[in-house]
Amino acid sequence: MGKLLYGATMSLDGFIAGPKDDVSWLTEFLGPDPVADELVANVGSCLIGARTFRGDDPNAGTDQEGPFGGAWQGPQFVLTHTPPDEPVPDVTFVGDLRTGIDLSKAAAGDGYVCIIGADVARQCLELGEVDEVLVFVAPILLGDGVRLFSHLGGTKIRLDPPRVHETPNATSLWYSVRR
């Protein structure tokens with residue numbers, strides 16, 4: 205069964221999306237990155253939050269639309285209570301987190317289940333289901349938006365020391381969640 209990995213690009217001040225869920229800021233930080241290439245090659249499925257699925261893909265309408273700038277194709281599981289009327293290729297809509305986790309892990313085989321979306325990641329972290337966290341820290345300060353991780357009242361989740369890699373566009377920090 206696949207490992208759950210929460211992966212995201214984050215501004216230095218902790219935001220994965222700007223105000224009004226804007227992710228257009230990401231485009232200037234996309235580029236060659238061996239850590240991202242390694243991840244994409246090992247993703248078996250994606251578990252995606254509804255807000256992220258319906259959100260602002262900076263590559264919408266291009267051949268780079270979709271997860272990982274269009275570099276990955278495969279089964280996607282979207283958590284939502286309001287699925288669209290029309291089917292979406294390679295997308296399964298699920299109404300509860302447990303079902304989404306189970307289906308995405310089974311579909312991933314030995315690959316990663318990449319969690320996409322801050323709220324679904326928070327829920328998976330709170331359940332103790334996340335195995336690894338990969339953060340690409342971009343050299344920008346956004347000042348406001350959607351945080352990488354936010355939990356009212358606070359939650360401590362221990363991580364092992366990261367594997368670190370630097371490129372001109374970002375510094376990647378790849379952690380294992382301490383059990």
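When you line the sequence shown up against the numbering used here, it's residues 205 to 383, in that order.
Positions of the beta carbon are idealized from the N, C-alpha and C atoms, including for glycine.
Nothing here was measured: the structure is a model prediction, and the numbers come from that model.
### Task
Leaving out five residues on either side along the sequence, give the residues of the same chain with a beta carbon under 7 Å from the beta carbon of R382.
Correct list, in chain order: R362, L363 and D364.
### Message
How far does the beta strand (DSSP E) with R255 in it extend, from its first residue to its last?
### Response
It is not in any beta strand (DSSP E) - R255 instead sits in the alpha helix (DSSP H) that spans A254 to F257.
### Query
To which residues does DSSP link E232 through a beta bridge?
E232 has no beta-bridge partner at all, per DSSP.
### Query
Taking contact to mean at least 3 C-beta pairs separated by less than 8 Å, is the region 206-224 in contact with the region 291-300?
Result no; under three Cβ-Cβ pairs closer than 8 Å.
### Query
Which class does K207 belong to by DSSP, given the choice of helix, strand or coil?
Judged by DSSP in its simplified three-state form, K207 adopts strand.
#### Entry: C-alpha gap between T284 and E232, whole angstroms
Distance between the alpha carbons of T284 and E232 is about 30 Å.
#### Entry: Residue burial classification, R326 (beta-carbon count within 10 angstroms, cutoff 16)
By the neighbour-count rule (16 or more Cβ atoms within 10 Å), R326 is buried.
### Query
With DSSP run on the structure shown, which of helix, strand or coil describes A374?
The answer is coil: DSSP assigns A374 none of H, G, I, E or B.
#### Entry: Distance between G357 and P236 (C-alpha atoms, nearest Å)
Rounded to whole angstroms, P236 and G357 show a C-alpha spacing of 38 Å.
#### Entry: Alpha-carbon to alpha-carbon, D217 and T286
So the two alpha carbons sit approximately 33 Å from each other.
### Query
Taking three-plus beta-carbon pairs below 8 Å as touching, is the region 348-357 in contact with the region 237-250?
Judged by Cβ distances under 8 Å, the region 348-357 makes no contact with the region 237-250, as fewer than three pairs qualify.
### Task
Using the Cα positions of L331 and K309, report the straight-line distance between them to the nearest angstrom.
Rounded to the nearest angstrom, the gap between the Cα atoms of L331 and K309 is 15 Å.
### Message
Within the continuous beta strand (DSSP E) that includes V339, where are the two ends?
### Response
In the DSSP annotation of this structure, the continuous segment of the beta strand (DSSP E) that includes V339 starts and ends at E336 to A342.
### Query
Can you list, in chain order, the residues of its chain whose CB lies under 6 Å from that of T371, leaving out five sequence neighbours each side?
Excluding sequence neighbours, T371 sits near D237.
### Query
Under 8 Å between the Cβ atoms of A311 and S249?
The answer is yes: Cβ separation under 8 Å.
### Query
Which term fits S376, buried or exposed, when burial requires 16 or more other beta carbons within 10 angstroms of its beta carbon?
By the 10 Å Cβ count, S376 comes out buried.
### Query
Roughly how far, in whole angstroms, is the beta-carbon of G304 from the beta-carbon of L338, given that I think they are within contact range, below 8 Å?
With a Cβ gap of about 20 Å, G304 and L338 do not count as contacting.
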